[in-house]
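Everything below concerns the one structure shown next.
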Amino acid sequence: MKPELKYIELKTGFGDNGPAWIGMAEFSKSGRTVYFNGKAFKNSNARGISGNYYDIENGDEYWISGIKKNGTDRHWAGSGKIMIDRNVVDLYLSLVDFNVLDKNRFELVKIKPTDKQKFAELENEKIN
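Just so you know, we're using the numbering used here here: the sequence shown kicks off at 101 and counts up by one.
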């Protein structure tokens, strides 16, 4: 699958105020695993408490979704800056209804690549 711009928020231990990112996510061939910022997330198939994906290394729940055109990606009850990959700012701004990032809502960061092979090996270990 082709990489997609996604909103990703840690839910475990934070509720609606967890750290949040916007960046390019990669997918497994099946589309059930999302790779982002050095992590791998599996679809929880609606079994999570507040997230729709979980970190395959530690089980933390995350909310992963597409980008909202009006820029209201964070839950209405949530707060805190959203970290956005500096390499996707232009793409993000082309998809939303505003043309400048509000420095009170966003923080520019560098998103690290994900070693997908590491996670493939980790998941295969669990099966054996």
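Backbone N, C-alpha and C define an ideal beta-carbon position, used for all residues, glycine too.
task: Starting from aspartate 190, follow the alpha helix (DSSP H) in both directions and report where the run begins and ends.
output: Here residue 190 refers to the residue found at position 90 of the sequence shown. Note, aspartate 190: alpha helix (DSSP H), 189-195.
DSSP state of isoleucine 168 mapped onto helix, strand, coil: By 1-based counting over the sequence shown, the position of residue 168 is 68. One point to set straight first is that residue 168 is lysine, not isoleucine, in the sequence displayed. Coil.
- request: Between the Cα of aspartate 160 and those of Ile108, Thr172, Asn199 and Lys181, spot the shortest distance and give me the residue it belongs to.
  value: One-based indexing of the sequence shown puts residue 160 at position 60. Of Ile108, Thr172, Asn199 and Lys181, the residue nearest in Cα terms is Ile108.
message: Quick check on this structure: which residue in Glu223, Phe198, Gly151 and Pro213 has the alpha carbon closest to the alpha carbon of asparagine 187?
response: As a position in the sequence shown, residue 187 is number 87, starting the count at 1. Of the candidates Glu223, Phe198, Gly151 and Pro213, the one whose C-alpha sits nearest the C-alpha of asparagine 187 is Pro213.
query: When the distance is taken between beta carbons, is isoleucine 164 closer than 8 Å to leucine 105?
result: Here the question's residue 105 lines up with position 5 in the sequence shown. Here the question's residue 164 lines up with position 64 in the sequence shown. Result no, Cβ atoms of leucine 105 and isoleucine 164 do not sit closer than 8 Å.
Reduced DSSP secondary structure (H/G/I, E/B, other) of leucine 201: The residue labelled residue 201 in the question sits at position 101 within the sequence shown. Per DSSP, reduced to three states, the secondary structure at leucine 201 is coil, with no helix or strand assignment.
- prompt: Taking the DSSP output, what are the residues bridged to threonine 133?
  reply: Locating residue 133 in the sequence shown gives position 33, where the first residue counts as 1. Lys142.
task: Have a look at Thr112, Trp121 and Val134 and flag the residue whose alpha-carbon is nearest the alpha-carbon of lysine 102.
output: By 1-based counting over the sequence shown, the position of residue 102 is 2. The option with the nearest alpha carbon to lysine 102 is Val134.
- prompt: For the beta strand (DSSP E) that contains glutamate 104, what are its first and last residues?
  reply: Indexing the sequence shown from 1 puts residue 104 at position 4. Taken as a continuous stretch (DSSP letters only), the beta strand (DSSP E) holding glutamate 104 covers 104-110.
query: Counting along the chain, where does the beta strand (DSSP E) carrying phenylalanine 206 start and finish?
result: Looking up residue 206 in the sequence shown gives position 106. From DSSP, the beta strand (DSSP E) with phenylalanine 206 extends over 206-209.
message: Measuring only the C-alpha atoms, how far is phenylalanine 114 from aspartate 155?
response: Position 14 of the sequence shown, counting from 1, holds the residue named residue 114. Position 55 of the sequence shown, counting from 1, holds the residue named residue 155. Spanning the two alpha carbons is a distance of roughly 15 Å.
message: Check whether the stretch 197-210 and the stretch 170-182 are in contact - that is, three or more C-beta pairs closer than 8 Å.
response: The answer is yes - the stretch 170-182 touches the stretch 197-210, with three or more Cβ pairs under 8 Å.
message: In the DSSP assignment, the beta strand (DSSP E) including aspartate 215 goes from what residue to what residue?
response: By 1-based counting over the sequence shown, the position of residue 215 is 115. In this chain, aspartate 215 is not harboured by any beta strand (DSSP E), its DSSP state being neither H nor E.
task: Note down, in chain order, each residue of its chain lying with its Cβ closer than 8 Å to the Cβ of tyrosine 153, except the 5 sequence neighbours on either side.
output: Within the sequence shown, numbered from 1, the residue matching residue 153 stands at position 53. So the qualifying residues of the chain are Val134, Phe141, Lys142, Asn143, Ser144, Glu161, Tyr162, Trp163 and Ile164.
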